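When we follow the working numbering, the leftmost residue of the sequence shown carries the number 17, and every step to the right adds one.
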Amino acid sequence: MRHTATYLEMTSPADLVPADPRPDVVLTSLAGDPALARDVVVRVGDAYHWPTNRWSDDRWAAHLSDPTVHPWLIAKGDEPAGVAVHKVHSPTEVEVLTFGLLPEHVGTGIGGHALTLTLRRAWELVPGVTRVWLHTSTLDHPNALPNYRKRGLRPYRVEERDTDT
């Protein structure tokens, strides 16, 4: 399937444009619960043909045991609402590897605040971060790219891709 991938970055925490706060939405670490991390990523990514949904058990185990990978549950109250995964590429660079909401939380108005929390956490993961980046695609939810731009992320590369689905 042909799609467009857009890469976006932020080079200062001051670039973050926070969404309206939602005190009922929080990020909690999934580092100690790889089964839940995998489950939420797969449930979020199912509608968007994420390649992680086709990973083997061994590949998931390796991914979630990588010390540079940091999975987070986006929770609304006591219930899972989505997932964010950071990857530390260097002492100065963090990628938002995964970000998304569970289908039942899409369109409920929590995405902007969940992304705000995700980007703040990226800046706080390791001291000295100077760049936070991510990519999205036209296969992702149509609100993804506008939300990223509203939070202050700037596009730096766009490319056409073919993906097996």
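Even glycine gets a Cβ: it sits at the ideal position worked out from N, Cα and C.
Predicted model only: the values in this text are computed from it and were never measured.
1) Give the straight-line distance between the Cα atoms of residue 60 and residue 144, rounded to the nearest whole angstrom.
2) Under 8 Å, do residue 3 and residue 46 count as touching if we go by C-beta distance?
3) Identify the residues that DSSP records as bridge partners of residue 102: which are they?
4) Indicate the three-state DSSP secondary structure (helix, strand or coil) for residue 53 in the structure shown.
5) Have a look at residue 90 and residue 81 and give me their C-alpha separation to the nearest angstrom.
6) Between residue 20 and residue 174, is the Cβ-Cβ spacing less than 8 Å?
7) Does DSSP classify residue 149 as helix, strand or coil?
The structure says:
1) For this step, residue 60 is matched to residue 44 along the sequence shown. For this step, residue 144 is matched to residue 128 along the sequence shown. The C-alpha of residue 60 lies about 31 Å from the C-alpha of residue 144.
2) Examination of residue 3 is not possible in this model, given that the chain is present from 17 through 181 alone.
3) Locating residue 102 in the sequence shown gives position 86, counting from the first residue. As computed with DSSP, residue 102 is found in a beta bridge with 86 and 112.
4) Numbered from 1 along the sequence shown, position 37 holds the residue referred to as residue 53. Reduced to three states, the DSSP call for residue 53 is helix.
5) Within the sequence shown, residue 90 is the residue found at index 74, counting from 1. Within the sequence shown, residue 81 is the residue found at index 65, counting from 1. Between the C-alpha atoms of residue 90 and residue 81 there is a straight-line separation of about 20 Å.
6) Position 4 of the sequence shown, counted from the first residue, corresponds to residue 20. Position 158 of the sequence shown, counted from the first residue, corresponds to residue 174. Contact flag set, yes.
7) Reading the sequence shown from its first residue, position 133 is the one you call residue 149. Strand.
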